[in-house]
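Read in the UniProt record's numbering, the sequence shown has 88 at position 88, and its numbers run on one by one without any break.
In this text, a Cβ means the ideal position worked out from N, Cα and C, and glycines have one as well.
Worksheet: one structure, shown below.
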Amino acid sequence: MSKRITVLRDTQPDVLLDATKWEKLSGDPHTVNLNAYTSEDGSKIMGTWICTPGKWAVNYTKWEYCDFREGYCILTPEGGEPIHLKAGDIFVVEPGFQGTWEVVETVRKYFVFA
């Protein structure tokens with residue numbers, strides 16, 4: 001079996017508007033997903049996420065890698081302390097994370113879901 005490499009340089013991302021499944025809690029947030037890659041079975045997705053200010057209740061069922069390029073947000077685990085994230089931060093959200101995701105300043109991040 002040979003290993004495959006997918007070069008994304010010449011791809012056109014799939015654009016999804018307001019595609020989040022999370023429950024809005026406050027504000028009027030709007031999202032743009034620029035999905036540059038989706039695995040054949042749909043289990044892995046990578047791309048760029050842009051979001052305007054607002055707050056959601058979140059419940060992660062997948063692992064997510066995030067590389068914040070712009071903006072500021074606060075992730076607050078249920079029963080835990082707020083985690084402040086800003087441009088330049090790189091982090092991972094593990095499956096099972098529950099709490100809130102609040103975009104304070106419009107965010108642009110690179111993401112990988114697996």
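Separation of residue j from residue i, as counted between CA atoms
i, j, result
"Y72", "T6", "31 Å"
"T11", "G54", "30 Å"
"T106", "G42", "27 Å"
"H30", "R4", "35 Å"
"G79", "F97", "11 Å"
"Y110", "S26", "24 Å"
"P13", "I50", "14 Å"
6 Å Cβ shell around residue i - same chain, five flanking residues per side excluded
i, result
"F113", "I45, K62 and E64"
"P77", "G99"
Secondary structure of residue i, DSSP reduced to three states
i, result
"L17", "strand"
"F113", "strand"
"D67", "strand"
"W22", "coil"
"E94", "coil"
Spatial neighbours of residue i in its chain, beta-carbon cut-off 7 Å, leaving aside the 5 residues before and after
i, result
"residue 138", "It is not possible to answer for residue 138, since the shown part of the chain is limited to 1 through 114."
"D28", "G54"
Whole-Å CB distance - residue i paired with residue j, under 8 Å assumed
i, j, result
"V32", "V15", "7 Å"
"K24", "W56", "6 Å"
"I74", "P82", "5 Å"
Counting only runs that start and end within the stretch 33-88, where is the beta strand (DSSP E) found for 3 or more residues in a row?
45-51, 54-59, 64-77 and 83-86
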